[in-house]
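As structure tokens, the structure follows; a few thoughts come after it.
Numbering (the numbering used here), first residue to last: -19 to 729.
Encoded structure:
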């Protein structure tokens, strides 16, 4: 309409639009009238079928139904108050007792009906015209009034809208305008959808009736589409006329029954599948509210209320959304969830138990992700339980039950692989961190509870997500004191510490932990998670940063991203062993030992075999580090190719690092150590653990190592370190003894 006004002006645009609309209505009416006239013309041809079916009802055959009908008739006569015989019978006995004469008593003749003769007068043409036109004046006048009202409302639509806003708005013009726009959009969508559904319904009915063989199928399809604007009753009213026609046309009962079945099937599909889905989604009204509203408006206004029930209910829902005092209307009628997922999970844990809460979590994860479940559902649940406990609405036992239920759900999701179709923490990290040949995130993380059990629960959520992303994670217990937590972090050699604070806790304990950690571990990255916090975030974050925190986050997803940014990244190339400053002296000492390129010896082989059993490792080496190579004097467990070559390049040798530092070197997990994570020798062989003790020449120069390697990461206890150093010392003594013997033996001239 607006575009048309720009071209030809408002008055012409309105008149043209009205003419087009009523022309379409008139054309459709004319086509339907032709169909109706055609039907009226054909009906006399079906007189025989109609009489046969009426005769079948009036004179039923001798089947079971006819016998049942006669039985009821006879029983009715026998009952008191039943119909008496039309004429009493009189029995006369003659002299012969065996004979009897039965005679009917005479009946009085019926009285003659009075006959009244009415003289008809010939009416003039004017009176005849009045008799014909008078009944049409009312509908025509109403139609003209409606047409005139439509035209003037279209011409003055902006003025009418402005007056309505002024009348209803009362200083809230923006809210009223939004409400009117919302209501208009929803009602318009509803009417468009209803028109689309009804037209589709009519087309399906017309096609079905045409295939069945019912005459004038287009007429009945159009009638069904029009009558279906009457909710719940219109389609059944539309069923009657084509069924009657099918009875008249068909000599049997197949066509009428198929006609009824067609209407039933299509109506059930549309009413129970299509309409609740489309109307509920596009009008914002729940399916149950649609039915209740139809009953209410029908009771209030009758058939007119039934037709207007959905648009009126849409307006009520919009009012409830935009007017705070009427918000109960939106709660009762709209299709919005009555409770948030967090509230639903909370009340299920309180009332229904873990099974119902787990089922809700399953559904939520299918539509979202595990990270979203933890952020938007489970953390608010433990927070709500604590707040209810502080208000004395929940006792300690109930709060503990809720927290245990949350722990069980977390454990359940931790024991299964993350859905590939969802965006999880590792994918969030991948968006912010450059790709690496190993896992997207490689760091050591310690999750610390600020104080309470709920802080520990949130930490377990983060630990689970970060472990799935490739991080090495530990989660501390809430039962540990602050000093114990700091001591744990100091001994664990971690890269990042994350302090968990779940509302309604304050940040006092988190600030204390951050301050102590920063004072003791200056290189440690500290992240504080204020899970579920919504108030004073800026001020709290600043205070935490002043206390030593590097980042402050409010969701687990943000925490994953920030930890990925703070964590040191794996290098693209391995770190070669450093060359000692006195490496030439070391190489000279190694040459004096005369061990390079010598055959295997029982002494060394006996030690390597014994250590493989004692430490339960796959590979044990007596390794000598030369200028450009690493020579294996003795080995057990090496792959065949290395065992045959008995050497490897020094550039990829871990023993070179042990020699460079001239001290015991323990690497619990080679894949987590940035110096060796990309070592090709280790990656190809799948080696994860290394422990090496230096072997020294008599002058103290490190010439090699006694080392252990294994495919599994492991921790090396202090007792094991001592034992490895003792065996290394035994080998060193043997090397020194041999060197002393060589020095005593004179060299032949």
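Heads up, the beta-carbon is just placed ideally off N, CA and C, and yes, glycines get one too. Predicted model, so just to flag it, every value in this text is computed and none were measured.
Can you tell me the Cβ-Cβ gap for residue i and residue j, rounded? I've got them flagged as a contact below 8 Å.
i, j, result
"residue 445", "residue 469", "With 8 Å as the limit, residue 445 and residue 469 do not qualify as a contact, their Cβ atoms being about 20 Å apart."
"residue 313", "residue 293", "6 Å"
"residue 607", "residue 627", "At roughly 12 Å, the Cβ-Cβ gap does not stay under 8 Å, so residue 607 and residue 627 are not in contact."
"residue 462", "residue 425", "Not a contact, Cβ separation roughly 19 Å."
"residue 479", "residue 528", "Rounded, the Cβ-Cβ distance is 10 Å, inconsistent with contact."
"residue 603", "residue 595", "At roughly 16 Å, the Cβ-Cβ gap does not stay under 8 Å, so residue 603 and residue 595 are not in contact."
"residue 523", "residue 566", "Between residue 566 and residue 523 the Cβ distance is about 54 Å, and since that is not below 8 Å, they are no contact."
"residue 701", "residue 634", "Incorrect: roughly 16 Å between the Cβ atoms, too far for contact."
In chain order, what residues of the same chain have a beta carbon less than 8 Å from the beta carbon of residue i, not counting five sequence neighbours either side?
i, result
"residue 135", "-10, -9, -6"
"residue 717", "none"
"residue 710", "587"
"residue 705", "644, 673"
"residue 210", "217, 283, 286, 287"
"residue 387", "437, 440"
"residue 629", "608, 609, 610"
"residue 368", "374, 379"
Leaving out five residues before and five after residue i in sequence, what residues of the same chain have Cβ atoms less than 7 Å from its Cβ?
i, result
"residue 713", "none"
"residue 592", "600, 616, 617"
"residue 338", "389, 392"
"residue 344", "321, 353, 357"
"residue 665", "619"
Would residue i pass as a contact of residue j if the rule is Cβ separation under 8 Å?
i, j, result
"residue 688", "residue 597", "yes"
"residue 239", "residue 194", "yes"
"residue 357", "residue 380", "no"
"residue 301", "residue 289", "no"
"residue 355", "residue 521", "no"
"residue 163", "residue 295", "yes"
"residue 458", "residue 475", "no"
"residue 181", "residue 250", "yes"
"residue 299", "residue 157", "no"
"residue 274", "residue 286", "yes"
"residue 204", "residue 192", "no"
"residue 506", "residue 547", "no"
"residue 208", "residue 178", "yes"
"residue 383", "residue 331", "no"
"residue 451", "residue 429", "no"
"residue 699", "residue 648", "no"
"residue 247", "residue 215", "yes"
"residue 130", "residue 4", "no"
Hey, could you find the ends of the beta strand (DSSP E) residue i is sitting in?
i, result
"residue 584", "Note, residue 584: premise wrong, no beta strand (DSSP E); alpha helix (DSSP H) at 582 to 595."
"residue 427", "424 to 429"
"residue 767", "Since the first residue of the chain shown is -19 and the last is 729, residue 767 is not available in this structure."
"residue 243", "It is not in any beta strand (DSSP E) - residue 243 instead sits in the alpha helix (DSSP H) that spans 234 to 249."
"residue 671", "669 to 676"
"residue 444", "Premise fails: residue 444 lies in the alpha helix (DSSP H), 433 to 448, not in any beta strand (DSSP E)."
"residue 393", "That residue, residue 393, is in no beta strand (DSSP E); its alpha helix (DSSP H) goes 376 to 394."
"residue 615", "609 to 616"
"residue 685", "682 to 690"
"residue 452", "452 to 455"
Where do the N-terminal and C-terminal ends of the alpha helix (DSSP H) with residue i fall, by residue?
i, result
"residue 214", "214 to 229"
"residue 624", "620 to 625"
"residue 301", "283 to 302"
"residue 311", "307 to 313"
"residue 542", "536 to 546"
"residue 646", "Taken as a continuous stretch (DSSP letters only), residue 646 belongs to no alpha helix (DSSP H), being part of the beta strand (DSSP E) at 645 to 647."
"residue 719", "698 to 724"
For residue i, I'd like the list of residues in its chain whose CB is within less than 6 Å of its CB, leaving aside the five on either flank, ordered along the chain.
i, result
"residue 326", "361, 364"
"residue 483", "363, 512, 513"
"residue 473", "none"
"residue 556", "631"
"residue 258", "173"
"residue 690", "597, 598, 669"
"residue 453", "425, 443, 446, 447"
"residue 336", "328"
"residue 489", "430, 431"
"residue 532", "508, 521, 524"
"residue 6", "none"
Worksheet entry | Contact between the stretch 218 to 233 and the stretch 190 to 202 (3+ Cβ pairs under 8 Å) | With the cut-off at 8 Å, the stretch 218 to 233 and the stretch 190 to 202 touch.
For the pair the stretch 564 to 583 and the stretch 673 to 688, tell me if three or more CB-CB distances fall below 8 Å. Yes, the stretch 564 to 583 touches the stretch 673 to 688.
Item checked: Contact between the stretch 614 to 625 and the stretch 637 to 646 (3+ Cβ pairs under 8 Å) -> Short answer: they don't touch.
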